Amino acid sequence: MPVYVVLVGPPGAGKGTQAQAISAKLGLPHISSGDIFRENLKLQTELGQQAAAYMNRGELVPDDLTIAMIQERLSRPDCAPGALLDGFPRTPAQAEALNEMLGKFNGSVNAVPYINVPEAVLVERLTGRWTCRAAGHVYHEKFNPPQALGVCDVDGSELYQREDDKAETVTRRIRVYLEQTAPLIAYYQAAGVLMEVDGTQPIEQVTVDLLAAIAKATE
Ligand code: ADP
Ligand code: AMP
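First residue of the sequence shown: 888, per the working numbering; consecutive thereafter.
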C-alpha cells in the first residue's frame, strides 16, 4: 500500500528544508504545492497566472484550483509508492479532498508530523530565506548559509528572495495560517495520525526526530 506523509506547520517551520532532507530516505517524492505553483508561474501557465495574485498577497490559492493540481500530481507514476506532502492540505476542505483522492489510490494519510515553531521565530526565518531558482532548495543567510554567497550548493543555480518573504507579506501569511490551516492540527490529532516535533532545534536534530516519528507511525 502507498504511504502518505503530510508535513504540517506554519510558514517558516522548516517543512521544505526537512522534506528535502528526508524524501530520498523515505523513498517518497517530495510534493510541495508552493513549488508547483512557483514552477507554473515561471512557465507562465494559466494555473501559474491564476495563482500569482493570491500568492503575492500572502493569501491561499482557492481550494478548487489547488485540489485539482495536487490530484493530477499524485496520480503520476512516481507517486506509486506514496508521497511526502509539503504545504498541502492547508484547509479542512483540502484535507477532506485529500482523503477522498487517497482512497482512490487505496491509501490514506499515514503520518502527519507537525513541526512546531513559535510565531516569534518565523519572521526572521522567512525574511532571511534564500531559495534556489532551479529546484527550490532552501537556505538561510544566518541559520543555514550556502557555501558560496548567492549560489545553490546542490545545483549551482542562483539564489533569490521570494516576493512573499517580505516582512509585511510574511505577517499576512502567518495570520492566514493561524486562521485557515492551524485547525488541521486538531483534525489530524482526532484521526490519530498527528505527531509533534520541536522545530526550534538545529536542522539536523529536527531531521532525526522526524524520521523517528515517521518510522514509528508507518512500521
Ligand atoms: P517552510 O517550508 O515550512 O516554509 P523552510 O524549510 O523554507 O520552511 O524554512 C524557512 C527558513 O528557515 C529557511 O531559510 C530555512 O533555511 C530556515 N530553517 C529551517 N529549519 C530551521 C531550523 N531548524 N533552524 C533554523 N533555521 C531553519
Ligand atoms: P509555500 O511555498 O508553501 O510557502 O506556499 C507559498 C504560497 O503558495 C502560499 O502563501 C499560497 O498562496 C500558495 N499555496 C501553496 N500551497 C497552497 C495550498 N495548499 N492551498 C492554497 N494555497 C497554497
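Ideal placement from N, C-alpha and C gives every residue a C-beta, glycine not left out.
In this text the structure is predicted, and so the values were computed from the model without any measurement.
In angstroms, rounded to a whole number, what distance separates the CA positions of residue i and residue j?
| i | j | result |
| --- | --- | --- |
| Asp1096 | Val1084 | 7 Å |
| Met956 | Ala967 | 17 Å |
| Phe931 | Ala1022 | This sequence places Gln at residue 931; Phe is not what is there. Each residue's alpha carbon lies about 17 Å from the other. |
| Ala908 | Lys902 | 10 Å |
| Thr1058 | Gly914 | 35 Å |
| Ala939 | Glu933 | 10 Å |
| Thr1018 | Ala1099 | 27 Å |
| Ile954 | Gln1076 | 22 Å |
| Lys1103 | Ile1061 | 30 Å |
| Ser962 | Met1082 | 26 Å |
| Val1041 | Tyr1074 | 36 Å |
| Glu1045 | Gln1088 | 28 Å |
| Asn993 | Glu987 | 10 Å |
| Pro979 | Ser910 | 25 Å |
Just confirm the distance between the C-beta atoms of residue i and residue j, as a whole number of angstroms; I'd bet it's less than 8 Å.
| i | j | result |
| --- | --- | --- |
| Val1093 | Gly1086 | 6 Å |
| Tyr1026 | Val895 | Incorrect: roughly 23 Å between the Cβ atoms, too far for contact. |
Excluding the 5 residues flanking residue i on each side, which residues of the same chain have their C-beta closer than 7 Å to its C-beta?
| i | result |
| --- | --- |
| Thr1105 | Val890, Asn997 and Ala998 |
| Ile923 | Met956 and Arg960 |
With distances taken between CB atoms, is the gap from residue i to residue j smaller than 7 Å?
| i | j | result |
| --- | --- | --- |
| Ala982 | Leu1071 | yes |
| Ala900 | Val1004 | yes |
| Asn927 | Gly935 | yes |
| Leu989 | Pro976 | no |
| Asp950 | Pro916 | no |
Apart from the five residues on each side of it in sequence, which residues of its chain come closer than 8 Å, Cβ to Cβ, to residue i?
| i | result |
| --- | --- |
| Phe1030 | Arg1012, Gly1015 and Ile1090 |
| Pro912 | The sequence shown places Lys at residue 912, rather than the Pro named in the question. Leu1098. |
| Thr1056 | Asn943, Arg944, Gly945 and Glu1050 |
| Pro898 | Leu1009, Leu1013, Val1057, Arg1060, Ile1061 and Tyr1064 |
| Gln1034 | Asp1040 |
Leaving aside the five residues before and after residue i along the sequence, list all residues of the same chain whose C-beta is less than 6 Å from its C-beta, in chain order.
| i | result |
| --- | --- |
| Val893 | Leu972, Val996 and Val999 |
| Glu1028 | Gly1015 |
| Val948 | Ala938 and Tyr941 |
| Ala1054 | Thr1014 |
In this structure, what does DSSP give as the bridge partners for residue i?
| i | result |
| --- | --- |
| Leu972 | Val893 and Ile918 |
| Asn1031 | His1027 |
| Asn1003 | Asp1085 |
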